[in-house]
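Novice: Got a structure here, written out as structure tokens. Questions coming.
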Amino acid sequence: MLFIFLFSTLFVAKSVGDIVEGGISVSVKVEASCQFSIHEKGPDGKELTGTSLDTELYYKIKCKPEPGYCLKVSNCTVTGEGKNQKPYPIIDENGCTKEPSLFEHVQYLDDFTAGIPNPIPIRFRGPQSGVKFECATTLISVIGHCEHQRCVANEYSKESNLEKP
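The opening position of the sequence shown corresponds to residue 0 in numbering that gives the first Met the number 0, with each subsequent residue numbered one higher.
Shown next, in the form of structure tokens:
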């Protein structure tokens with residue numbers, strides 16, 4: 000069985016506001032320019048356009064570096080292709096999984112590359128086999144080193160982005 004994935008992402012620009020003389024606020028918007036791909040087993044695995052339900056997947060998001068910013072991936076949902084399908088939340092506002100048996104926490108490979116391991120691909124009931132995967136990608140203003148929210152380990156967690164309970 001062929002399992003087709005549609006991967007789309009919401010681009011959210013981070014606003015950087017400074018108060019200048021006279022109390023006027025100045026905002027600068029930086030838009031994320033990202034590439035999205037699905038790989039077999041990990042970030043360096045074979046790039047996929049379709050798969051079967053027994054293939055371990057890795058969703059990779061790589062953005063163009065912007066000085067003074069770092070990437071944040073959050074609020075991911077999956078939706079079946081059929082009519083009247085509602086988005087199902089899988090990653091929360093901090094990049095932590097809401098479905099640890101299906102998806103791992105967002106893993107940051109560097110300041111502008113992130114990935115979401117999916118050891119067990121999902122399929123929604125219905126005649127359509129495709130799944131739409133959607134996340135918010137935000138460039139966050141930073142001074143110095145990028146810091147990401149740490150997620151609590153669970154029985155399915157493998158490695159990065161973990162906080163000891």
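In this text, a Cβ means the ideal position worked out from N, Cα and C, and glycines have one as well.
Bear in mind that the values here come from a model prediction, so they are computed numbers and not experimental data.
Please confirm whether Val72 and Val130 have their CB atoms less than 8 Å apart.
Specialist: Cβ distance not < 8 Å, so Val72 and Val130 don't count as in contact.
Novice: Can you give the Cα-Cα distance for Ile60 and Gly143, rounded to whole angstroms?
Specialist: Computed Cα separation, rounded: 22 Å.
Novice: Once you ignore the five residues that flank Ile119 on each side, which residues in its own chain have a CB closer than 6 Å to its CB?
Specialist: If we look at Ile119 and ignore the five residues flanking it on each side, its Cβ neighbours are Leu101.
Novice: Among the candidates Leu52, Pro88 and Tyr57, whose CA atom is the shortest distance from the CA of Asp43?
Specialist: Of the listed residues, the one whose Cα sits closest to Asp43 is Tyr57.
Novice: Cutting at 8 Å between CB atoms, please list the residues of its own chain near Lys97, excluding the five before and the five after it.
Specialist: Taken in chain order, the residues that qualify are Pro88, Ile89, Ile90 and Asp91.
Novice: Which residues bound the beta strand (DSSP E) around Gly114?
Specialist: That run of the beta strand (DSSP E) goes Thr112 to Asn117.
Novice: For Glu103, which option in Phe35, Gln84 and Lys40 has the closest C-alpha, if you only look at C-alpha atoms?
Specialist: Among Phe35, Gln84 and Lys40, the Cα nearest to that of Glu103 belongs to Lys40.
Novice: What does the alpha-carbon distance come out to for the pair Asp17 and Tyr68?
Specialist: Confidence in Asp17 is poor, its pLDDT being 46 and thus under 50, which makes the residue's placement unreliable; the coordinate value appears in the next sentence. Using only the alpha carbons, I get a separation of about 16 Å.
Novice: Spell out the partners DSSP gives Glu39 in its beta bridges.
Specialist: Answer is Leu56, bridged to Glu39.
Novice: Smallest Cα separation from Arg175: which of Asn93, Pro64, Pro116 and Thr136?
Specialist: As displayed, the chain neither begins before 0 nor continues past 164, which places residue 175 out of reach and without an answer.
Novice: Leaving out the 5 sequence neighbours to the left and right, which residues in its chain are closer than 6 Å to Lys63 when beta-carbon positions are compared?
Specialist: Cβ neighbours of Lys63 beyond the five flanking positions: Ser32.
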